[in-house]
Amino acid sequence: MRNTFFIVLLFITFNGANVFGKDIAPTFSQKLDIQIRYDDRSNRPSREQYRLRYYPSLTLSNAWSIHSFIVTGEDFSSSHNTFGSDDTDYLYARRLYLRHESESGKTELGIIPTYKGRVSSTGLSKDGWITGARHVRQLQNDTAIEIVVGQLANAEASEAFTIGGENKYFEIEYSANMGQRHSYEASFERMLNGTFVRVEYRLRLNEQDTAFFELVQRTDERAAKFVLGTNGETTINAFNTSYPVEYFAYYSYIDSRFGERAELIEDFLGTGHGASLELSGVISKKHDIEWFIRSDIVDSVSRLLAGIKLSFK
Numbered sequence: 041m042r043n044t045f046f047i048v049l050l051f052i053t054f055n056g057a058n059v060f061g062k063d064i065a066p067t068f069s070q071k072l073d074i075q076i077r078y079d080d081r082s083n084r085p086s087r088e089q090y091r092l093r094y095y096p097s098l099t100l101s102n103a104w105s106i107h108s109f110i111v112t113g114e115d116f117s118s119s120h121n122t123f124g125s126d127d128t129d130y131l132y133a134r135r136l137y138l139r140h141e142s143e144s145g146k147t148e149l150g151i152i153p154t155y156k157g158r159v160s161s162t163g164l165s166k167d168g169w170i171t172g173a174r175h176v177r178q179l180q181n182d183t184a185i186e187i188v189v190g191q192l193a194n195a196e197a198s199e200a201f202t203i204g205g206e207n208k209y210f211e212i213e214y215s216a217n218m219g220q221r222h223s224y225e226a227s228f229e230r231m232l233n234g235t236f237v238r239v240e241y242r243l244r245l246n247e248q249d250t251a252f253f254e255l256v257q258r259t260d261e262r263a264a265k266f267v268l269g270t271n272g273e274t275t276i277n278a279f280n281t282s283y284p285v286e287y288f289a290y291y292s293y294i295d296s297r298f299g300e301r302a303e304l305i306e307d308f309l310g311t312g313h314g315a316s317l318e319l320s321g322v323i324s325k326k327h328d329i330e331w332f333i334r335s336d337i338v339d340s341v342s343r344l345l346a347g348i349k350l351s352f353k
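In my numbering, the protein residues as written are 41 to 353.
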């Protein structure tokens, strides 16, 4: 099955115009971001790490395109390698999929992303993958419905393209905007031998700031995770200069009985009570360089992350 999928994509790549009925030349584009960070936890030695994320894509027509994702890191929710370590020099392709887009929505087929757009704190890690298909349908009144069917496993990144032997994955989600300030999502998920109901509500406080509440309830174990937080932009005034700083802060709680899905969550700090605050800003707009600093607390364990990020297009 794996080889068949690759052959289909290669056929589309080299015959794209003819396959889709338009005589156009495919267009290649790419994006790369590099992150270097310092990681210090109160219960283990500090370490220096790096991350590479590479996003190549091939546009075949106005509607059809092929996308991939290549990144450092060893497993589903990890994308960093450690400097000076002999056994953490990882770099794997984690996604390869065909996408069709139209005014009514989009369809993705292959080894696809875990998200359709913005990644929620209770959603699956944005560095992960699902083997299957996603369809997003835009409805009236600024609403949408998403259906994902496929397979998911808490696997190593080296196994992302190994199809078969994984747990079945199913998700159906309804999302809506209510005016300019309110939005919500509600979904049902079946994954990793568990069933989950997820809800999210976001309130736009002003042009810069948003408050949000998220809840994932495991229906077969009576275990839950909830998140309450805010994100946005503030300004630091110093030396007669206004410097914009983005922030992301939240409190979370996750039950120890939640299961494997906990470690696959985007903003997983650990089981129990946790809190996180991240600040970031621009060092150079011309060279697309940013700085960030983040502090996490989970029960009695604290963590400090600080570093820089460079982007190339």
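For every residue, glycine included, the Cβ atom is placed at its ideal position computed from N, Cα and C.
- According to the DSSP assignment, residue 302 belongs to the alpha helix (DSSP H) that extends over 301-304.
- In this structure the stretch 112-120 lies against the stretch 162-178, because at least three pairs of beta carbons, one per stretch, are closer than 8 Å.
- A distance below 8 Å between beta-carbons, with the five flanking residues on each side excluded, links residue 128 to the following residues of its chain, in chain order: 114, 121, 122.
- The C-alpha of residue 334 lies about 44 Å from the C-alpha of residue 65.
- The beta carbon of residue 93 sits closer than 6 Å to the beta carbons of 73, 111 from its chain, once the five residues preceding and following it are set aside; these are given in chain order.
- Short of 8 Å from the beta carbon of residue 144, and not among the five residues preceding or following it, lie these beta carbons of its own chain, in chain order: 177, 178.
- Inclusion of residue 291 and residue 255 in the CB contact set at 8 Å is not warranted, their separation being larger than that value.
- Between the alpha carbons of residue 187 and residue 211 lies a distance of about 6 Å.
- DSSP, read as helix, strand or coil, puts residue 117 in coil.
- Under DSSP, the beta-bridge partners assigned to residue 237 are 228, 257.
- For residue 336, the enclosing beta strand (DSSP E) stretches over residues 329-338.
- Within the same chain, Cβ atoms closer than 8 Å to the Cβ of residue 323 are found at 329, 330, 331, 348, the five residues on either side in sequence being excluded.
- CA-CA distance, residue 96 to residue 108, rounds to 6 Å.
- Relative to residue 190, the option among 231, 205, 209 whose CA is nearest is 209.
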